[in-house]
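> I have a structure here, written as C-alpha cells, and I will follow up with some questions on it.
See below:
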C-alpha cells in the first residue's frame with residue numbers, strides 16, 4: 019500500500035507571509051476590540067466598567083472571547099462599535 023506524499027506548502031507559506039505583512043489579524047467589521055489579561059476579580063471589574071461606559075444597546079458591546087490562564091488569571095477580548103450613530 020502506497021502512502022501519499024505531502025502536498026507542497028509553498029502557496030500556504032506565501033499567503034501566511036502576505037497576511038503577516040499586512041498585519042490584518044482581525045476582520046475590518048467596524049468593531050473596536052480591546053484585550054485584557056487580569057486576575058479574576060479585576061477582570062470582572064474591568065468588564066463591568068467597559069459595559070457601563072459603552073452600553074450594549076448603543077454600542078453592541080460584548081465579551082467576544084475569554085480564556086482562563088494559570089493563577090486564576092482571565093484573558094478576555096471586549097468588542098464594541100466605534101460610535102453609537
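In this note's numbering, the protein residues as written are 19 to 103.
Note that CB positions come from ideal geometry on N, CA and C, so glycine has one too.
Could you have a look at residue 55 and say whether DSSP puts it in helix, strand or coil?
Three-state DSSP puts residue 55 in a strand.
> Compare the Cα-Cα distances from residue 80 to each of 93, 25 and 51 and report the closest residue.
When each option's Cα is compared against that of residue 80, the closest is 51.
> Return helix, strand or coil for residue 37, following the three-state DSSP convention.
Of the three classes helix, strand and coil, the one that applies to residue 37 here is helix, per DSSP.
> For residue 83 and residue 96, I'd like the C-alpha separation in whole angstroms.
Taking the straight line joining both Cα atoms gives about 7 Å.
> Kindly identify the DSSP beta-bridge partner or partners of residue 98.
In the DSSP output, where bridge partners are listed per residue, residue 98 has 50.
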